[in-house]
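Numbering (the numbering used here), first residue to last: 8 to 105.
Listed below in structure tokens is the structure:
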């Protein structure tokens, strides 16, 4: 079994993800091999008092970048949008960003 810190890699702080906080939606970069159940359990374990309502996941492919004659590709990663229940505790890390 994986640790919660190995599943949730980092929060995604963008303008679009911050607008979802009003509706109780939080965005995280997660491990590529993590499933929705593991992500929900990891969020509930890392942020005590939160109850997960649903988890949506998506794979983000890396962009192709060109520098002069050579081209390369950024890494691909997995993103999870976690919706918490209205009666649960908010995630304080995101609340301090607003």
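Ideal Cβ positions, reconstructed from N, Cα and C, are used throughout, including at glycine.
It should be emphasised that the depicted structure is a prediction, and the values quoted were computed from it without experimental measurement.
Worksheet entry | Alpha carbon of residue 48 to alpha carbon of residue 22, nearest angstrom | 26 Å
Worksheet item: Is the stretch 89-104 close to the stretch 54-63, with three or more CB pairs under 8 Å?
Response: yes
Worksheet item: Who are the Cβ neighbours of residue 50 in its own chain at under 6 Å, not counting the five residues just before and after it?
Response: 59 and 89
Discussion item. Is the separation between the beta-carbon of residue 57 and that of residue 20 shorter than 8 Å?
Written reply: no
Worksheet entry | Reference residue 17; option with closest CA among 96, 44 and 84 | 84
Worksheet item: By Cβ distance below 8 Å, which residues in the same chain neighbour residue 13 in space, the five residues on each side in sequence not counted?
Response: 38
Worksheet item: In three-state terms, what does DSSP make of residue 24?
Response: helix
Discussion item. Can you look up residue 16 in the DSSP assignment and give me helix, strand or coil?
Written reply: strand
Worksheet item: For residue 38, which of helix, strand or coil comes out of DSSP?
Response: coil
Worksheet item: For residue 41, which residues from the same chain have a beta carbon less than 6 Å from its beta carbon, with the 5 sequence-adjacent residues on both sides left out?
Response: 14
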